[in-house]
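Following: one structure in structure tokens, then a few remarks.
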Amino acid sequence: MDSERQPPLSREEVMKSRGQLQWTSARVFVILMFWIAMAVCLSLAVEIIMSSKCAPVLNKLPSVPPVHIAFTPLLSRYENA
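Take 27 as the starting number for the sequence shown in my numbering and just add one per residue.
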């Protein structure tokens with residue numbers, strides 16, 4: 027073991043230092059950065075989808091496929107092969 031390495035903090039030391047302003051603001055900063063990164067990723071995904079060339083075609087399609095569509099002909103094609 028490294029001689030310069032400090033031993034881990036005890037539970038009492040952690041509980042005492044967790045209420046300090048430095049750690050509180052660091053936790054808030056990390057949580058905010060996480061949610062900002064999530065919002066950026068989501069907005070980039072939406073931007074990529076909306077700016078693609080197939081976006082106008084997708085807008086003309088119904089959001090729910092018609093009830094008469096069945097995948098049985100497609101499945102029987104693979105069963106016979």
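The beta-carbon is built from N, C-alpha and C at its ideal position, and this holds for glycine as well.
Following the DSSP letters along the chain, one finds E39 inside the alpha helix (DSSP H) bounded by residues R37 to S43.
Here DSSP, grouped into helix, strand and coil, assigns R31 to coil. Where Q48 is concerned, the enclosing alpha helix (DSSP H) starts and stops at L47 to S77. Here the C-alpha atom of A71 lies approximately 14 Å from the C-alpha atom of I62.
In this structure, the alpha-carbon of E39 lies about 23 Å from that of I57. Across the structure, M41 and Q32 are spaced so that their CA atoms are roughly 18 Å apart.
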